[in-house]
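Residue numbers (this note's numbering), protein chains in the order written: chain W, 2 to 820; chain S, 4 to 390.
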């Protein structure tokens, strides 16, 4: 895309070979003596103890899941527990090499990783820092039960605090890290650099790159590690995350002072199995996950296969890869070999592997093996080792019992509104950091800003309707709102397909290329999952982001990221995370079946998303301003039909300065008394035309209300209108079945039943594919359909002949036929 | 081509029929000649057959509906044809059941379409409740004849106004009924030459101090003088007892905005003409203004009611029991009289005297009128001593 990269035909036709280099496997060769020189005994003891801690933690969970009792203590755990017994060395080795500034993301099987990282961070933070964290986290709610009767040092307290918070979260207690709303698969604790795990396989694969992006763009220290399993490399979002992380532009087009390639390690915890499917030999063809690196970039992602059954090679690998990242040569792919004795879940009967296989791995168990190595080298005595093990096991068992106690660790009461309260943060943040926002030029000299200055912002000019070509339009409104927030919040970035240079496929971003450096506005690959996933990760780290999907029809490509990640993290984290993401989605026009769909209904159906759809310049600018000042994920739909429409409703025009239009407030675009027409999206303009005809030809005064949003939605203005008119018709360009209008119609029936002269009538597009542009009028609601429906179902119009069939019989026929 | 079938006129006097029974239902396949429905008049039941084959596309009325003759009541045609064009104008009792316009021979659409004689929208229903307005027949302008709020509102705003029944009206109504029910009243009509009245009136009008004394006052004065000579008419009859009064409390009818009021001049027999006139005027003003008190409306022993200025020639004033007589005064009209062998035209004022025959027979009543006539015709002299 950038003109600076010339694609020369001669180069393209030159013959030759693509070269690969060998990918190392298990090349760690240090002798125990050499290891002792690198690792003081104290550190080796920490490593040993951490591995024992994880083993104990997981074993307790396995006992209560399979037997309901552990060491005489009974407890029924109803939730999931995906255990990683056997994988301790890989987790401890990974975490040992990391600092609290290094952030890890995990999978559904990440208890070991979070414990290892927690202990590692605790050892690196000062007592003051630890106390501040424990007291500060939810005002000490997790600390209170733990510190009662504790007489040891701060480190020990911090470890108990962490174990207790983790167990509480797994047992869905209020004293859990996420107040019980995350559970085993989403437990995390950001003060120690532990970022969310994910129940969706490979979920972290598209999110972690966003976190790494945040560190790059905002010049923050530390790296990002995505701990995902081998089977997750079958998932599209993981590939997209890798592609996103390996973009050439980080090292070839961006300001190199930022640091170069993304600081991310994709660490495959390769335990040879998905649930039961076996990538190596059955469900994939790469044989070794490390091979994938060779297909990504010339550096082959510095891919390496590492023995994860010995912590020291893992530490060695991570230390080397951290260096690679520090030099800006990331991303990195590690293939860490490990194995789990426990099943996928406690209900796993292990029908997919032989007992012999499990036994052989148990014989190679990393904990006895490490113990053996330490004793043999004389680094530590048996007493020291067993003492450390017993000590941590006792602490773990204590914290388990404390977390299991409903007195000490209650759940939220049965009628609690907690989940409702954390679905949205509803906060206001002007800027997420205090440094100066970076621009390439003085914004006043920006060509787009100059072009807009000459535009007319009012509906009328010199007594006549403003000509379209001179009008300040919808895309200008969105541009102004974005530019404003870009100049306030230094963390704000935007990306998507054809965003830079092209200026966005619909020219919303025209001018921003000149204004902003690469790292604030760049092109992503054609990887919708990575686009949305990176936005989620970036927001998790605490930055504001505007991501774009070029067409609503592509939402399917980012389905998991929109519906399982973007929408849920605020609630799953019980409000510790916010999600200041605006996801701009453009609804197509005249582009046929796969490029013209309005999927507002899907976004509005999934809880946790604010969904808006402004179609006037005044609304678009005001609502984008409101979205960019908030902390909630906003799916911001735009219609390609109306990007070039000027303001037709607000007499005073679109203000030049800053203003907000609250998200979720419908607006009356035309006052009337006889019937109410409610619209969402560009159907507003069809309704206005219909209202004109109703008035001039039939003497009916229609009130037209633009919802402007699907969720949240304030019904008060709608109810007031229906109470006045008694008749309501709802229209949208989305197909009518399951549309937002059906929800609004049903709700209005409840709220206004006695005010109604007839049932609410919903008019949407036909439940078909969108035909070609030339046949559009067959498919999308027309002025005639609205009048026909009013005539047929609300109030017969004198002398009127409907051209289409809007009868109830037709409604039933279509439903029966599935169309 | 869809074929509608009308309700036939089964006899010269038959204007409407009842739909008795449907033998076919919308969606059924019909052969020409099939009996589709039975209709009834008060004399007969008649089978209506299908004129053509096809499908029964629509049946516009339910069993039991009363339908005027020559109204379309079902339609036979092919699948896909629209029967709607033949639907009769919605009446309050109209119901419909139609089959959907299907693209293929699918089973009949089990579409529940609104039925029932009064399909009121919730909003219309609420209006009826709130205004306690339940008219027998409302025509709905909504789809399929649905009654909308505007339909019932229009009827409500056009309803005949009952008007406000005042308490006074109720009282007058009751007393008038009682008057007719409890007395044996009859009316005697006579007249007197009005020349004297007119001359005296003109003279009084010319002088500032007497300009307000009118003919009504003069007649009242003469009536009081006549009553003095025929006191049997200044009496009350109640509980079977006749009570003649020495004092004359003269009631005189006033037409006020509120209705008929009868102020009473107490002791009219002692008043001079000017005093009587003044008192009558004052009471009349207060009656018209609505400020007259109850005391001034009771206790009359005799009533006079003048409808002359409204052009009444003769009338039957009703008694105000327990009074036994009431004098009605009529318009002054031209009358032909024989004088000294010649026919002359005089201005003549008519009197209509209603008496209670339980107390006053015709002769005494007539004698009163003779006395009155004398006094009217000699009004100048009558008033001289008592000005």
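Just so you know, even glycine gets a beta-carbon here, dropped at the ideal spot from N, CA and C. Predicted model only: the values in this text are computed from it and were never measured.
How about residue i and residue j: do their beta carbons lie closer than 7 Å?
i, j, result
"residue 213/W", "residue 265/W", "yes"
"residue 562/W", "residue 583/W", "no"
"residue 203/W", "residue 238/W", "yes"
"residue 612/W", "residue 605/W", "yes"
"residue 403/W", "residue 165/W", "yes"
"residue 704/W", "residue 722/W", "yes"
"residue 23/S", "residue 41/S", "yes"
"residue 341/W", "residue 272/W", "yes"
"residue 476/W", "residue 644/W", "yes"
"residue 774/W", "residue 732/W", "no"
"residue 528/W", "residue 496/W", "no"
"residue 266/S", "residue 286/S", "yes"
"residue 247/S", "residue 256/S", "no"
"residue 575/W", "residue 413/W", "no"
"residue 380/W", "residue 43/W", "no"
"residue 367/W", "residue 33/W", "no"
Using a cut-off of 8 Å between C-beta atoms, extract the partners of residue i located in chain S.
i, result
"residue 797/W", "144, 145, 146"
"residue 767/W", "Residues of chain S passing the Cβ test: none, with the nearest at roughly 15 Å."
"residue 794/W", "146"
"residue 759/W", "124, 145, 146, 149, 151"
Strictly by DSSP, which residues pair up with residue i?
i, result
"residue 26/W", "306/W"
"residue 25/S", "40/S"
"residue 345/S", "342/S"
"residue 350/S", "337/S"
"residue 50/S", "41/S"
"residue 104/W", "225/W"
"residue 461/W", "466/W"
"residue 636/W", "584/W, 612/W"
"residue 125/W", "In DSSP, residue 125/W forms no bridge with anything."
"residue 241/S", "244/S"
"residue 732/W", "680/W, 764/W"
"residue 671/W", "705/W"
"residue 355/S", "192/S, 331/S"
For a contact defined as C-beta to C-beta under 9 Å, what are the partners of residue i on chain S?
i, result
"residue 755/W", "125, 126, 128, 129"
"residue 775/W", "The contacting residues do not exist; residue 775/W stays about 24 Å from chain S at best."
Name the chain S residues that come within less than 7 Å of residue i, Cβ to Cβ?
i, result
"residue 704/W", "The premise fails here: residue 704/W is roughly 16 Å from chain S at the closest Cβ pair, so nothing lies under 7 Å."
"residue 789/W", "Residues of chain S passing the Cβ test: none, with the nearest at roughly 12 Å."
4-residue-minimum alpha helix (DSSP H) runs that sit fully inside the stretch 516-584 of chain W, ordered along the chain: Runs found: 529-542, 570-573.
Contact set between the stretch 711-737 of chain W and chain S, restricted to residues whose Cβ is under 9 Å from the partner: For the stretch 711-737 of chain W, which is checked against every Cβ of chain S, the residues closer than 9 Å are 727, 728.
Inside the stretch 263-343 of chain S only - beta strand (DSSP E) runs reaching at least 3 residues: Correct list: 305-309, 328-342.
Unbroken stretches of the alpha helix (DSSP H), 4 residues or longer, contained in the stretch 232-271 of chain W: You should have 237-246, 250-253.
Residue ranges of each alpha helix (DSSP H) within the stretch 149-231 of chain S, 4 or longer: Every alpha helix (DSSP H) stretch that sits fully inside the stretch 149-231 of chain S and reaches 4 residues is listed by chain position as 152-160, 170-185, 198-209.
Alpha helix (DSSP H) runs contained entirely in the stretch 358-432 of chain W, provided each spans 4 or more residues: Taken in chain order, the complete alpha helix (DSSP H) segments of 4 residues or longer contained in the stretch 358-432 of chain W are 367-378, 383-405, 419-424.
Under 7 Å (Cβ pairs) to chain W, residues found in the stretch 152-185 of chain S: Those would be 152, in chain order.
Uninterrupted alpha helix (DSSP H) stretches inside the stretch 740-806 of chain W (no shorter than 4 residues): 741-753, 784-790, all fully within the stretch 740-806 of chain W.
Members of the stretch 404-419 of chain W near chain S, C-beta cut-off 8 Å: Residues: none.
Whole runs of the beta strand (DSSP E) within the stretch 325-357 of chain W, excluding any shorter than 3 residues: Runs of the beta strand (DSSP E) spanning 3 or more residues and lying entirely within the stretch 325-357 of chain W occur at 333-338, in chain order.
Runs of beta strand (DSSP E) lying entirely within the stretch 49-121 of chain W, each at least 3 residues, in chain order: Complete beta strand (DSSP E) runs here, min 3: 104-106.
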